[in-house]
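In this note's numbering, the protein residues as written are 11 to 248.
Virtual Cβ for every residue (Gly too), placed ideally from N, Cα, C.
None of these values were measured; they are calculated from a predicted model.
The next block holds one structure in the form of structure tokens; read it before the comments.
Below, the structure written as structure tokens:
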């Protein structure tokens, strides 16, 4: 774990990897995800996830369908966020050296697979100050040591460079309050919500957005002609 910590601390993205972050989380946050699993079993929506073990993957998503939904919908916003940030690709993590019980492992996998759904609910992009703000929200909902480390060291890096420090200082308190007030987003079956307006979902789950990136004001010019890379792979395989 020290190897992963040192890489995240002293290197800048993308010189460290998702495997480094996952390695830290695997070692430190088993208790947090055991708590998440308990939340899910106690919640009607979360219980259905625990029973069928659903995960969100880029390969299984209907990206062309998302790109043609109304621009205020959750599904279109998911497409826009993933497309403009070049995220339409599943991250393949190395097998964990430390495994917890099956419920905890599923809660962890589900949480990771829905990471960017929380970006969207909060109206946050992928700049460092936005990621730190998101981790603040996540810690308020489900105390994770990895989130605490990202907030601490992310804030120190921004303070040292002077980059986006004012934005961070203004957003972090909002993110904390939003996380405390909202329903637990790790219990949400996002797959059933694509056609619902994003702002309606925020009201439903009690999420106060802290950024203003979403919903977008205009449809992306590439949306009308977008073709999913996974659809191309499927046709090629056939």
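One thing to note: residue 196 has its Cβ no nearer than 8 Å to the Cβ of residue 107. For residue 160, the enclosing alpha helix (DSSP H) has its first and last residue at 155-171. In the pairwise beta carbon analysis, the stretch 74-93 is classified as touching the stretch 120-134: at least three pairs are separated by under 8 Å. Fewer than three Cβ pairs drawn from the stretch 194-210 and the stretch 167-175 lie within less than 8 Å of each other, which leaves the two stretches out of contact. Close CB contacts of residue 51 within its chain, under the 7 Å cut and outside five residues either way in sequence, are with 57, 60 (chain order). Excluding residues up to 5 positions away in sequence, 191, 192, 193 lie with their Cβ nearer than 7 Å to the Cβ of residue 216 in the same chain. Within the stretch 77-130, the runs of alpha helix (DSSP H) at least 4 residues long that lie entirely inside it are, in chain order, 84-94, 112-123. Taking all protein chains in view, the Cβ of residue 219 is crowded by 16 or more other Cβ atoms within 10 Å, so the residue is classified as buried.
Counting of Cβ neighbours within 10 angstroms places residue 179 among the exposed residues, the total staying below 16.
The beta carbon of residue 65 sits closer than 7 Å to those of 119, 120, 123, all from its chain and outside the five residues before and after it, given in chain order.
For residue 100, the CB contacts under 7 Å within the same chain, skipping 5 residues up- and downstream, are 67, 68, 69 in chain order. Put simply, the backbone Cα of residue 182 is about 37 Å away from that of residue 235.
In terms of Cα proximity to residue 237, the closest of 131, 47, 75 is 75. A check of alpha carbon separations from residue 136 across 93, 159, 109 identifies 93 as the nearest. Taken through DSSP and simplified to helix, strand or coil, residue 207 comes out as strand.
Taking residue 146 as the centre and dropping the five residues before and after it, the same chain places the C-beta of 161, 182, 185, 186 closer than 6 Å to its C-beta, in chain order. In this structure residue 131 is in contact with residue 212, their Cβ atoms being roughly 6 Å apart against a cut-off of 8 Å. Residue 159 sits away from residue 221, with the two beta carbons spaced by 8 Å or more. Straight-line spacing of the CA atoms in residue 39 and residue 155 works out to 6 Å. Here DSSP, grouped into helix, strand and coil, assigns residue 149 to helix. Here the alpha carbons of residue 89 and residue 77 stand approximately 6 Å from one another.
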